[in-house]
Every structure is written in C-alpha cells, then in structure tokens.
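So the mapping is simple: the working numbering equals the position in the sequence shown, first residue as 1, plus 47.
Accompanying notes for the structure given below.
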Amino acid sequence: MNNRNLLKIIIAVVLVSLLVVYFSYSFNRDNSVTIISSELNSQEEKINRIKHYIEFESDVLGVEYIFNLHSGSMFALGPSDMSLEIALRVLPSDVPKWTKSHSEITAPASAKDWKTRLRLTDDIWKTQSDPHYYSIDANTWMAVFTPEGIIYRETFTR
Numbered sequence: 048m049n050n051r052n053l054l055k056i057i058i059a060v061v062l063v064s065l066l067v068v069y070f071s072y073s074f075n076r077d078n079s080v081t082i083i084s085s086e087l088n089s090q091e092e093k094i095n096r097i098k099h100y101i102e103f104e105s106d107v108l109g110v111e112y113i114f115n116l117h118s119g120s121m122f123a124l125g126p127s128d129m130s131l132e133i134a135l136r137v138l139p140s141d142v143p144k145w146t147k148s149h150s151e152i153t154a155p156a157s158a159k160d161w162k163t164r165l166r167l168t169d170d171i172w173k174t175q176s177d178p179h180y181y182s183i184d185a186n187t188w189m190a191v192f193t194p195e196g197i198i199y200r201e202t203f204t205r
C-alpha cells in the first residue's frame, strides 16, 4: 500500500469518527426548555423571558406561566412540541385588544383547574365573573374574565 492510499484511509477514518461523535452528541442532547414563572424574581423578569414567545396586545400588569419547548430534532430546525399556559392581568379596558377578531367558543376540556396548574394564589388572580372563551387558532384558546382584566391563554403544538 502506498503512502497516498494510507493517507486517504486515515482521513476517511478521522472524518467518520468526527461524524460519529457529532451525531452521538446531537441525539443525546436535551433540546428542552422549561420556564416556570414562579421561579423568577420579578414581574419584569417574567415578562422579559416570555415576550419572545407571545405577542402582548397591551401593557401587562401581572403574568404567571409555564412554558415548555422540546425540539424533537437533532438539528436546530425540525419538528418540536411546545406548550404555554399563561395568565395575564391587564386593565379591563384593554381586554378587547386581546379578544378582537377571535371567535367565541364553548369551554375546552383543558379549561379546568388552570389556576391550580399555574399556582395562582395571590389576590390579583381572584375572579368573580364567568369567563368567555375564545379560539385564536387550532392550537390556542383563551378564557377571559373581562371585569377583572384576567386572561388565561393556552397554546400547544404536537
């Protein structure tokens, strides 16, 4: 075997080894992100962390959420699962900004116990009124308590 063929074999072995290491890392890497707002220090931090994932239609007075993002792909692009449960406190006069152009629907099955899931115990989350439910798209709905200025929104993809 001449030196040229030996060099080609060595280069091929190195390239294959690098590919094996890369794909082993990619397959085993945890591509998940979970943000639980109750673990953050301030309302400002809570808003800043989530505003990349949801467009606010008005100023927000309070926010609590659980956000999960899992990329099912070994590459940056590819299928992913996402869920966001978020409670927002806004001025009651701003509620129409959140509901405009959305269809009113009956209560989804997952509308039960959302306050418990989000651990909403502070007085600012107390509701007296009955909610109205709206569909935003096939994967997003919200419950709106207009007099209190409370909006619960759930988004998911699968």
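The C-beta atom is built at its ideal place from N, Cα and C for all residues, glycine as well.
Quiz prompt | 7 angstroms Cβ shell around E151 - same chain, five flanking residues per side excluded | solution = Taking the sequence shown and counting its residues from 1, the one referred to as residue 151 is at position 104. Cβ-Cβ distances below 7 angstroms link E151 to H179, Y180, Y181 in the same chain, with the five nearest sequence neighbours on each side left out; the list follows chain order.
Quiz item: Beta carbon of I133, beta carbon of Y112: below 8 angstroms?
Solution: Here the question's residue 133 lines up with position 86 in the sequence shown. Here the question's residue 112 lines up with position 65 in the sequence shown. Yes, these two residues count as a Cβ contact at 8 angstroms.
Quiz item: Using the beta-carbon count (16 or more within 10 Å), is E86 buried or exposed?
Solution: Locating residue 86 in the sequence shown gives position 39, counting from the first residue. Burial is judged here by how many other beta carbons sit within 10 angstroms of a residue's own beta carbon; E86 has fewer than 16 and is exposed.
Exercise. Measure the Cβ-Cβ separation of Y100 and L131 and say whether it is below 8 angstroms.
Key: What you label residue 100 is simply residue 53 of the sequence shown in a count that begins at 1. What you label residue 131 is simply residue 84 of the sequence shown in a count that begins at 1. Taking 8 angstroms as the Cβ cut-off, Y100 and L131 qualify as a contacting pair.
Self-check item: Contacts around R96, its chain only, beta-carbon distance under 7 angstroms, and the 5 residues preceding and following it disregarded
Solution: Residue numbering aside, residue 96 sits at position 49 when the sequence shown is read from its first letter. Here the set comprises I82, L87.
Quiz item: So what does T81 bridge to, in DSSP terms?
Solution: Taking the first residue of the sequence shown as position 1, residue 81 is located at position 34. For T81, DSSP records a beta bridge to N115.
Practice problem: Please report the Cβ distance between A190 and A158, rounded to the nearest whole angstrom; I am assuming they are in contact, meaning their Cβ atoms lie under 8 angstroms. | Solution: If you number the sequence shown from 1, residue 190 lands on position 143. If you number the sequence shown from 1, residue 158 lands on position 111. Yes, A190 and A158 are in contact; Cβ-Cβ is about 6 angstroms, under 8 angstroms.
Quiz item: Are there 16 or more other CB atoms within 10 angstroms of the CB of I198, so buried, or fewer, so exposed?
Solution: For this step, residue 198 is matched to residue 151 along the sequence shown. Within 10 angstroms of the beta-carbon of I198 lie 16 or more other beta-carbons, which makes it buried.
Quiz item: Going along the chain, which residues of its own chain have a beta-carbon closer than 7 angstroms to the beta-carbon of Q90, five neighbours each way excluded?
Solution: As a position in the sequence shown, residue 90 is number 43, starting the count at 1. Cβ-Cβ distances below 7 angstroms link Q90 to G109, V110 in the same chain, with the five nearest sequence neighbours on each side left out; the list follows chain order.
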